[in-house]
Amino acid sequence: MSAPVQTTVEETPVIDGSPLAGPYIGDINATHRFVHPRMFRSDFVEFFSKVHPAVPGFVFAPVIAYFVWRSAALAGAPRMVGTLLGGFLFWTLMEYVLHRFYFHLAPTTNLRKWLYFYSHGIHHQYPDDYYRLLMPPVLSVGAASLFYGLFALLLPATVVPGIFAGLLLGYLYYDYVHFATHHVKPPRAAWLSPIANLMKEQRRRHMKHHFQDHTKGFGVSMPLWDRVFGTLEDR
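Okay, so the sequence shown: first residue is 7 according to the numbering used here, each after it adds one.
Right under this line is the structure:
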């Protein structure tokens, strides 16, 4: 894992005021390389808007392990594998849908501009911000709890642990693929060339999304749903 690459720290809060305070946001199409922006005036909120890249794994790996074990105990190993894959695939679809239809919400009003900037536009403006590439646990744990509640409400009890573990595994994979596209160099060892080639392709696709065409390449971890829905980036 590489070290943070920022060479500049901006002390002026980028986000301030109410959700209708569009003028505080500035040019939402600007891109600032190698800059670490301050987002909030409050030191407390600013602190919790950042996350070290090790934190999501530390938080979710034990949860995934528990629900994999629980799934195997309730449904048996073969069904556990099937539900795990199903949950992983469901995450990849959620990743695509959220990225395309919420994270790239058309900023046609001050409120929509604020929502876009707050949830994703900040990343497009400051793509090298080392501590804002992953979702802070204060948000990801809440979202995970919501999904678990929905699964428990809608699905048979025997499949819920496997589906939920697969969802979290997919989320964790997405988080670290996204981080790697910005800050991790592919391995050079010949025997790791398949991993290096995959990382290079993921980075190529994601950089095209950032710097050439925001309307394509919404699948960060894999291009499956971009192929299905016709938003695969041009080579």
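By construction, the Cβ of each residue, glycine as well, lies at the ideal position given by its N, Cα and C atoms. Model, not experiment: these values are computed from the prediction.
Following the DSSP letters along the chain, one finds Pro167 inside the alpha helix (DSSP H) bounded by residues 166-189. In the DSSP annotation of this structure, the continuous segment of the alpha helix (DSSP H) that includes His130 starts and ends at 128-131. CA-CA distance, Leu159 to Ser199, rounds to 44 Å. An exposed status is given to Ile201, since fewer than 16 other beta-carbon atoms sit within 10 Å of its beta-carbon. Shown here, Glu207 sits in a helix according to DSSP, grouped into three states. Here Pro193 is exposed: its Cβ has fewer than 16 other Cβ atoms, across all protein chains shown, within 10 Å.
In the DSSP assignment, Gly155 falls within the alpha helix (DSSP H) that extends over 143-160. Straight through space, the alpha carbons of Lys214 and Phe66 are spaced by roughly 30 Å. Going by DSSP, Ser227 is part of no alpha helix (DSSP H) at all; its letter is neither H nor E. When C-beta atoms of the region 183-193 are compared with those of the region 108-125, fewer than three pairs fall below 8 Å, so the two segments do not count as touching. Annotated three-state conformation of Thr89 is helix, per DSSP.
Within a 10 Å sphere around the beta-carbon of Glu239 sit 16 or more other beta-carbons, which makes this residue buried. Unbroken alpha helix (DSSP H) runs of no fewer than 4 residues, entirely contained in the region 94-131, are found at 116-122, 128-131, following chain order. Annotation for Phe224: Tyr102, His105, Arg106, Asp232, Thr237 place their beta carbon closer than 7 Å to its own, counting only its chain and skipping 5 residues before and after.
Distance check between Ala150 and each of Val165, Ile169, Tyr136 places Ile169 closest, using alpha-carbon atoms only. Taking C-beta atoms as the reference points, Tyr177 and Trp97 count as a pair closer than 7 Å. Straight-line measurement puts the Cα of His188 at about 17 Å from the Cα of Pro229. Pro133 and Thr37 have their alpha carbons spaced roughly 8 Å apart.
Of the other Cβ atoms in all chains shown, 16 or more fall within 10 Å of the Cβ of Val165; this residue is therefore buried.
In the three-state DSSP reduction, Asp49 falls in the helix class (H, G or I).
In chain order, Asp135, Arg138, Leu139 place their CB closer than 8 Å to the CB of His129, counting only its own chain and leaving out the 5 sequence neighbours on each side. Nearest neighbour of Lys206 by Cα position, chosen from Gln218, Arg39, Ser227, turns out to be Ser227.
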